[in-house]
Amino acid sequence: MDAYQNQMKVLSHNLLLIILETLDVTQEELNWAISTHDAQAVLQLNSYPSCPNPSQAIGLAPHTDSLLLTLLNQSGVSGLEIFVEGLGWSQVQPIEDAFVVNVGDLLHIFSNAKFPVLTHRAMVNQSKHRISVAYFHGPPVESKVAPSSKFQKPCFKSLTVKEYLILKAKQFSNALSLIRK
Ligand SMILES: O=C(O)CCC(=O)C(=O)O
Ligand SMILES: [Fe+2]
Numbered sequence: 008m009d010a011y012q013n014q015m016k017v018l019s020h021n022l023l024l025i026i027l028e029t030l031d032v033t034q035e036e037l038n039w040a041i042s043t044h045d046a047q048a049v050l051q052l053n054s055y056p057s058c059p060n061p062s063q064a065i066g067l068a069p070h071t072d073s074l075l076l077t078l079l080n081q082s083g084v085s086g087l088e089i090f091v092e093g094l095g096w097s098q099v100q101p102i103e104d105a106f107v108v109n110v111g112d113l114l115h116i117f118s119n120a121k122f123p124v125l126t127h128r129a130m131v132n133q134s135k136h137r138i139s140v141a142y143f144h145g146p147p148v149e150s151k152v153a154p155s156s157k158f159q160k161p162c163f164k165s166l167t168v169k170e171y172l173i174l175k176a177k178q179f180s181n182a183l184s185l186i187r188k
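Listed below in structure tokens is the structure:
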């Protein structure tokens, strides 16, 4: 597990470097996003037993991920769904040897909403026990999060990561709109 988590950490760093290059952020901001010191690196193992009537059950309720990036391993069994405006819930079929990469709330804030967050949920499978492994990557909890200084008109207020996570725990999907300017 430790080895897996470390590999995910390295992959997140590399992905963030590529993603943030497109925003042309300052070196200081880049260091904040990819900092290893005190960074949050959380591995969550999700287990969804099979269910004879999947439409009557939910594996994981609709949400957006809170940190910067999530690397999700679906382990080959379908169940992940994303909400697409105008279309409704849409299945994300697992692709062998591929991760699902989710933009989290903190990256959405940092990108001044340029990178959208997607509401997603997990459904249970009728015949197969499903397991997924989610790696959440984020900056230190005591650090500040705000839109990058590259944006002339920041559309979110600045707050600490910890303040945002407390707000999210209380307000769930309303948290982002509550810090809108
Ligand atoms: O199990 C899945 O496919 C989704 C897991 C997820 O969204 C999460 O752990 O935040
Ligand atoms: Fe999630």
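Counting from 1, position 175 in the sequence shown corresponds to residue 182 in the working numbering; the numbering is continuous, with no gaps. Note that beta-carbon positions come from the ideal geometry of N, C-alpha and C, so glycine has one too.
Check whether Leu114 and Leu75 have beta carbons under 8 Å apart: Translated into the one-based positions of the sequence shown, residue 114 becomes position 107. Translated into the one-based positions of the sequence shown, residue 75 becomes position 68. Yes, these two residues count as a Cβ contact at 8 Å.
Best match in Phe179, Val84, Lys177 and Arg128 for proximity to His136 [C-alpha to C-alpha]: Against the sequence shown, residue 136 aligns to sequence position 129. It is Val84.
beta-carbon Ala141 near ligand 2 non-hydrogen atom, thresh 7 Å: Residue numbering aside, residue 141 sits at position 134 when the sequence shown is read from its first letter. Yes; taking the cut-off as 7 Å, the Cβ of Ala141 has a heavy atom of ligand 2 nearer than that.
N- and C-terminal bounds of the beta strand (DSSP E) containing Asn80: One-based indexing of the sequence shown puts residue 80 at position 73. It spans Leu76 to Asn80 - the beta strand (DSSP E) in which Asn80 sits, taken as one unbroken run.
Continuous beta strand (DSSP E) assignments of at least 3 residues falling wholly in the segment 104-170: 107-110, 127-129 and 137-145
Given 8 Å, three or more beta-carbon pairs between the segment 92-105 and the segment 49-66: no
Any non-hydrogen atom of ligand 1 closer than 7 Å to Asn132 Cβ: As a first step, residue 132 is located in the sequence shown; it is residue number 125 there, counting from the start. No; taking the cut-off as 7 Å, the Cβ of Asn132 has no heavy atom of ligand 1 nearer than that.
Boundaries of the alpha helix (DSSP H) in which Ser19 is found, first to last residue: Along the sequence shown, one-based indexing puts residue 19 at 12. First-last of the alpha helix (DSSP H) with Ser19: Asp9 to Glu28.
Which listed residue (Ser97, Gly66, Pro69 and Pro101) has its alpha carbon closest to that of Leu79: Numbered from 1 along the sequence shown, position 72 holds the residue referred to as residue 79. It is Pro101 whose Cα lies nearest to the Cα of Leu79.
Beta-bridge pairing of Glu88 - partner residues as DSSP gives them: Translated into positions along the sequence shown, residue 88 becomes position 81. Answer is Gln98 and Arg128, bridged to Glu88.
Buried or exposed (CB count within 10 angstroms, at least 16 for buried), Glu88: Start at 1 with the first residue of the sequence shown, and residue 88 comes out as number 81. Buried, by the Cβ-count rule.
Ser184: first and last residue of the uninterrupted alpha helix (DSSP H) it sits in: As a first step, residue 184 is located in the sequence shown; it is residue number 177 there, counting from the start. Element bounds for Ser184: Ala182 to Leu185.
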